[in-house]
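Asks:
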Amino acid sequence: MLIVKTKLDVSPINGLGVFLLEKVKKGQPVWMFHPAIDLIYPASALNDTALPDSLHKILRHHGYPHQINQESVIVLGLDHDRFMNHAEQPSVLEGSDGQEVAARDMEVGEELTCDYRRFDPHYEWCAAFLRPVP
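Take a look at the structure:
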């Protein structure tokens, strides 16, 4: 869950993005896992016919793959973090103790971004549709 004040707004990167409502210092934690906000589904949920197709679509679009104790899972954040866009030079980096931290000092209104390649093995496939067609 995001632990800094944010809002959703139109992103120059893609669709909606997560934007700061407060200044953030380099190294300051901006995200941490919280089981009440960050739901964990077994990876098999993506193909579970007992679940509605609408949930499959949400998990595929807003969830991200993760490993917990060598088990493949999908994490679905219920706050703004699910709208964080990819950047080659992200503003959010992996910190210690499972926290995500600011890569640099940031001002109010700046977009929080992360590097999808760090946690999503399908990033290259997923990101292909974001690239401009030559």
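Note that the sequence shown covers residues 195 to 328 in this note's numbering. Glycine included, C-beta positions come from ideal geometry on N, C-alpha and C. Source: prediction; values computed, not measured.
Short of 7 Å in beta carbon distance, which residues of its chain neighbour SER248, apart from the five on each side in sequence? Order them along the chain.
Replies: Locating residue 248 in the sequence shown gives position 54, where the first residue counts as 1. Cβ neighbours of SER248 beyond the five flanking positions: none.
Asks: Over the uninterrupted alpha helix (DSSP H) stretch that includes ASP247, give me the two end residues.
Replies: Counting from 1 along the sequence shown, the entry for residue 247 is found at position 53. Counting along the chain, the alpha helix (DSSP H) containing ASP247 begins and ends at 247-256.
Asks: Measure the C-alpha to C-alpha separation of GLN293 and HIS228 and round it to an integer number of angstroms.
Replies: Here residue 293 corresponds to residue number 99 of the sequence shown, with the count starting at 1. Here residue 228 corresponds to residue number 34 of the sequence shown, with the count starting at 1. Cα to Cα, GLN293 sits roughly 10 Å from HIS228.
Asks: Would you mind working out which of ASP242, ARG298, ILE234, VAL224 sits nearest TYR258, comparing C-alpha positions?
Replies: Counted from its first residue, the sequence shown places residue 258 at position 64. Minimum Cα distance to TYR258 is reached at ILE234.
Asks: Please determine, among THR200, VAL198, VAL224, GLU216, the residue with the shortest C-alpha to C-alpha distance to ASP291.
Replies: Reading the sequence shown from its first residue, position 97 is the one you call residue 291. Residue VAL224 is the option with its Cα nearest to ASP291.
Asks: Going by CA-CA distance only, name the one from ILE207, VAL286, HIS256, LEU202 that's closest to VAL295.
Replies: Locating residue 295 in the sequence shown gives position 101, counting from the first residue. Comparing Cα-Cα distances from VAL295 to each of ILE207, VAL286, HIS256, LEU202, the minimum goes to VAL286.
Asks: Going by alpha carbons, who is nearest to ILE279 out of ASP203, LYS199, VAL198?
Replies: Start at 1 with the first residue of the sequence shown, and residue 279 comes out as number 85. Before going further, note that residue 279 is Asn rather than Ile in the sequence given. Nearest option by C-alpha distance: ASP203.
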